[in-house]
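Presented below is the structure to which this report refers.
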Amino acid sequence: MSRYTKAAAAAAAGLLLVTTGCSGAGSTGGGSGDSADNTITALMVGNPQMEDIQKLTAEHFTKQTGITVKYTILPENELRDKVTQDVANQGGQYDVATVGAYEVPIWAKNGWLHEVSTQAQADSAYDVNDLIKPMVSSLSGEDGKLYAAPFYGESSFLMYNKELFDAKGLKMPEKPTWAQVADFAAKLDDKGKGVSGICLRGLPGWGELFAPLTTVVNTYGGAWFDKDWNAQVDSPQFKEATNFYVNLLKQHGQPGAPQSGFTECLNTFGQGKAAMWYDATSAAGTLEDPNASKVAGKVGYAYAPVNKTEYSGWLWTWAWAMPKTTKKADAAWKFMSWATSKDYEKLVGQQLGWSRVPSGKRTSTYSIPEYKESAKAFADVTLGSIENADPTNPGVQPRPALGVQFVGIPEFADLGTKVSQEVSAAIAGSNTVDKALADGQKQAEDVAKKYRK
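Here the sequence shown is numbered in the numbering used here, starting from -6 and rising by one per residue.
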């Protein structure tokens, strides 16, 4: 049994995964009690790739299969809350849902998800062996079976506006340091013209603010816990990284930073109102779409900034999972297999543009001539970032559980979100980093007691 499964088994057995503490708003869109056998309900995160599939479903999936899909789309924090409540409490409201690499192994251990290896391996057209291995591993249970199908995979990298850099005579290295990024942000910050030096997430949430911030902590030599489950939230390295991040945002970040998550930064950078943005590699497809972005063709891409490590990008996949409570498993798998297939990627490319293909999950994607041409600005850095992300050793010290931008235990959703609320308050100026991390240390110590031998 791996380090992760030993830790997760102790906490996950019979435990309802705690929610993020954010409100779960939005319409339900129907549930599994719907009497129509040809209708399934799907809950998904409101990212551009999900909005694309909503546009394509009726004309291409429903027309082909006769299966109607009722979608509910929510912002990331609300999605996490809603899907956790439904799946953990066996609510049975949804037949499929988008979940991430953090949830799947824990939920599989708890018996909350259908395994989908059987269907995937039985369908030769699906070609399960084409899926990128880190994505398969992140969505597998300790039994080695797949419990979700990756919709798209991502790491993180630095995006920058080449026109703004050229105007100042600045050159971005392929592998910048955070010190270099801070220097660029100071030189490019132009509040008078409505352009911030950088856009970074400040919105509370373990999967919002702490997704990028934990990668900064990692490369600064910090960690949430050491290998023996001693809490490290108030360590000098964790403090240095957090102070750097908070100060960078306060000095050169975007307006409204404490309320900015992925979507807000995507809009800010895509409108040309930020010189740099550090976030998910999956954002590149939208940024290169001239119908959705004012900076299409003007963006440069560099590896995630570092300090003490060679790489620092996170590893994530948004994936389609099937709750055990669904009564429409066959229809649900038909949808999941379509949504994560080679044919769906080609459909997106042909209908919406090749830069918008939900990539990062299939090796074959990077051999499609049209995709290679459309994504030439970012494809190599994306794939290199994914391949070099190491969830077993993402920093400079051994870890007690898997995860780059999260700790692979059920309690981290609650812990990360609570600490993020205090750090976000520090960005807003109503709290200090020292107080935020001192409080976080106490909370982390309480969590650690369950795992320390």
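Glycine included, every Cβ here is placed at the ideal spot set by N, Cα and C.
Chain-order list of residues whose beta-carbon lies under 7 angstroms from that of A322 (same chain, five-residue window excluded): H107, M315
Anyone know if the C-beta pair for A175 and Y294 falls short of 8 angstroms? no
First and last residue of the alpha helix (DSSP H) that includes P127? 126 to 131
What residues are listed by DSSP as bridge partners for R355? L124
With distances taken between CB atoms, is the gap from C153 to M269 smaller than 8 angstroms? According to the sequence shown, residue 153 is Tyr rather than Cys. Yes, Cβ-Cβ distance for Y153 and M269 is below 8 angstroms.
If contacts are defined as beta-carbon pairs under 8 angstroms, then T274 and G263 qualify, I think. What distance do you get, rounded to the angstrom? With 8 angstroms as the limit, T274 and G263 do not qualify as a contact, their Cβ atoms being about 15 angstroms apart.
Which one of N300, K335, R73, W309 has the shortest CA to CA distance from V389? N300
Where does L72 fall in DSSP's three states? helix
According to DSSP, simplified to helix, strand and coil, what is T279? helix
C-alpha gap between V226 and S348, whole angstroms: 39 angstroms
Nearest to A421 by CA position, among K168, G185, Y119, Q252, is which residue? Q252
What is the rounded straight-line gap between the Cα of V412 and the Cα of S131? 25 angstroms
Ordered along the chain, which non-local residues of its own chain (more than five positions away) have a Cβ less than 6 angstroms from that of A35? V62, Y64, V89
Please state whether DSSP places M152 in a helix, a strand or coil. strand
Find out if the Cβ-Cβ distance for the pair K448, V292 is shorter than 8 angstroms. The structure shown has nothing for residue 448, since the chain only spans -6 to 446.
Taking DSSP as the reference, what is the three-state secondary structure of S28? Its pLDDT being 38, under 50, S28 is placed unreliably in this model, and the coordinates cannot settle the point.
Excluding sequence positions up to five away, which residues of its chain have a Cβ less than 6 angstroms from the Cβ of L259? A276
Span of the beta strand (DSSP E) holding I66? 61 to 67
What does the Cβ neighbour count give for Q343, buried or exposed, with the cut at 16 atoms within 10 Å? exposed
If we count the other Cβ atoms within 10 Å of its Cβ and call it buried at 16 or more, is D136 buried or exposed? exposed
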